[in-house]
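S.K.:
Residue numbers (this note's numbering): 1 to 493.
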């Protein structure tokens, strides 16, 4: 099964980017006895300041599962939040030695979805929220923030290759910008739209992208032309520009002078004081911060240019065939196209070293068993690929309590690592309090720990391509409606 590795990343302290696989670091960590565990995901509710937390000997840090902050490769933990959490544990055990020698304070990382982070902090499911959290007035109403870990942050516009020239915020009027709705970028773009509205200018067209996608994912997609434009912090853009040479990092900022900090529940002054003291020696510019940069900086493969002119030609040529057979077998044609792109770049002439053929990369015996014709021909190849996929989906996931998207994602995973392995991963996810019927941020977490990066990247790339194709289709529909409205307007053209 052909896969294309997701981009490896760059690290900068707690907000930097960590790559998904470091063979040399993996060996070092195994030699040093690094824990082979998966992230905990269940916790009882409790609140209180540091003195109450010390009674339980557990400090819980919530962090999004991502290549930036926290991830596992075959059970080995990585990420800047993980590294910082280990150091915080040492700091707390030194400051608060336990009466019994072998009892230690534990700092434990909990994987959480971005859109539930504030709620989990307030309710007492976690004690600290880590990651690249921009401090905003709106967020200050929900949590307290420790002293800044990174300051002077500007949120800048990043465009795709060949995109429009953006020299000031005014140039965003009427343009489409893709960002997460829960991000500070969305908040600041909405403020810009208020100004445009007052001035009688067209507003920025805010295109919602899934909360599952982090800044690094969006920049990968912009670099590949999958998205036209996004907004990220300037330090993120500068670091990624070393790895994503096609992104255009503009000087246009929609917000300036921002800060990044970790968050805690309100009214926890002692915990706040401890974190502030800890970060005096563990923030950007410190020896620890420089070591993280040195340790995690790397480069890797990029997402393919899925909407480059040549790829778009393939997209248009094959779209009708995918629509026809996806409708016949009751599945989403864009998901099937995304799979075809992952397998072959939508190129019927591709043949793998093991003999897989065409757009859907089918083995000859599999193609023959579908009884739809010669799979060396494009139409039959797509037909057989979709038919075989749906048979696999129905056999292993047809009666499972999943929505249609997750049935497809789990089938993709089964393609890559085998249906029995996926069954084991789902059971382990359930045992750890994750949802065994949801792939993203649930079974995906266990797969990353137990199977490694290949399966996660395979499914994740298909999901990204699917999102890109959906956004393209939505944009085309909007353009069509706009053209129709112009045609119906007197004096239109």
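The beta-carbon is built from N, C-alpha and C at its ideal position, and this holds for glycine as well.
Mark residue 129 as exposed unless 16 or more other C-beta atoms lie within 10 angstroms of its C-beta, in which case mark it buried.
M.R.: Classification for residue 129: buried.
S.K.: Quick one: residues in its chain with C-beta nearer than 8 angstroms to the C-beta of residue 95, no 5 flanking neighbours on either side, listed in chain order?
M.R.: If we look at residue 95 and ignore the five residues flanking it on each side, its Cβ neighbours are 274.
S.K.: Using the rule of at least 16 other Cβ atoms within 10 Å of the residue's Cβ for burial, across every protein chain shown, is residue 187 buried or exposed?
M.R.: buried
S.K.: Using a 10 Å radius around the Cβ and a threshold of 16 neighbouring Cβ atoms, would you call residue 244 buried or exposed?
M.R.: buried
S.K.: Alpha carbon to alpha carbon, what distance is there between residue 177 and residue 207?
M.R.: 6 angstroms
S.K.: Across the region 259-267 and the region 180-194, are there enough close Cβ pairs to call them in contact, namely three or more that are closer than 8 angstroms?
M.R.: no
S.K.: DSSP beta-bridge partners for residue 178?
M.R.: Answer is 207, bridged to residue 178.
S.K.: Under the DSSP definition of a beta bridge, which residues are partnered with residue 155?
M.R.: 233 and 255
S.K.: Quick one: any contact between the region 109-126 and the region 49-62, if contact means 3 or more CB pairs under 8 angstroms?
M.R.: yes
S.K.: Measuring straight from C-alpha to C-alpha, what distance separates residue 267 and residue 54?
M.R.: Across the structure, residue 267 and residue 54 are spaced so that their CA atoms are roughly 16 angstroms apart.
S.K.: Between the region 451-460 and the region 407-426, do at least 3 Cβ pairs fall closer than 8 angstroms?
M.R.: yes
S.K.: With contact counted as at least three CB pairs below 8 angstroms, one residue from each stretch, are the region 164-184 and the region 424-441 in contact?
M.R.: no
S.K.: Residue 336 and residue 320 - do their beta-carbons sit closer together than 7 angstroms?
M.R.: no
S.K.: Report the CB separation of residue 468 from residue 213 in whole angstroms; it is logged as a contact under 8 angstroms.
M.R.: Not really, about 11 angstroms apart at Cβ, beyond 8 angstroms.
S.K.: Report the rounded CA-to-CA distance for residue 338 versus residue 463, giving the unit in angstroms.
M.R.: 7 angstroms
S.K.: Apart from the five residues on each side of it in sequence, which residues of its chain come closer than 7 angstroms, Cβ to Cβ, to residue 114?
M.R.: 64, 182 and 211
S.K.: First and last residue of the alpha helix (DSSP H) that includes residue 446?
M.R.: 444-450
S.K.: Answer with buried or exposed for residue 224, where buried requires no fewer than 16 other C-beta atoms within 10 angstroms of its C-beta.
M.R.: buried
S.K.: Report the start-end ranges of each alpha helix (DSSP H) in the region 372-427 that is 4 residues or longer and not cut off at the edges.
M.R.: Counting whole runs of 4 or more residues, the region 372-427 contains the alpha helix (DSSP H) stretches 378-397 and 404-417.
S.K.: Would you identify the three-state DSSP class for residue 340, choosing helix, strand or coil?
M.R.: In the three-state DSSP reduction, residue 340 falls in the helix class (H, G or I).
S.K.: Does DSSP classify residue 465 as helix, strand or coil?
M.R.: helix
S.K.: Measure the C-alpha to C-alpha separation of residue 322 and residue 378 and round it to an integer number of angstroms.
M.R.: 11 angstroms
S.K.: Would you report the Cα separation of residue 283 and residue 158, rounded to the nearest angstrom?
M.R.: 26 angstroms
S.K.: State the Cα-Cα distance for the pair residue 350 and residue 386, rounded to the nearest angstrom.
M.R.: Between the alpha carbons of residue 350 and residue 386 lies a distance of about 17 angstroms.
S.K.: In chain order, what residues of the same chain have a beta carbon less than 6 angstroms from the beta carbon of residue 74, not counting five sequence neighbours either side?
M.R.: Annotation note: pLDDT 47 at residue 74 (below 50); position unreliable, coordinate value reported separately. Taking residue 74 as the centre and dropping the five residues before and after it, the same chain places the C-beta of 452 closer than 6 angstroms to its C-beta, in chain order.
S.K.: Measuring straight from C-alpha to C-alpha, what distance separates residue 301 and residue 221?
M.R.: The pLDDT assigned to residue 301 is 31, lower than 50, so where the model puts this residue is not dependable; a value taken from the coordinates is nonetheless given after this. Answer to the nearest angstrom: the Cα atoms are 13 angstroms apart.
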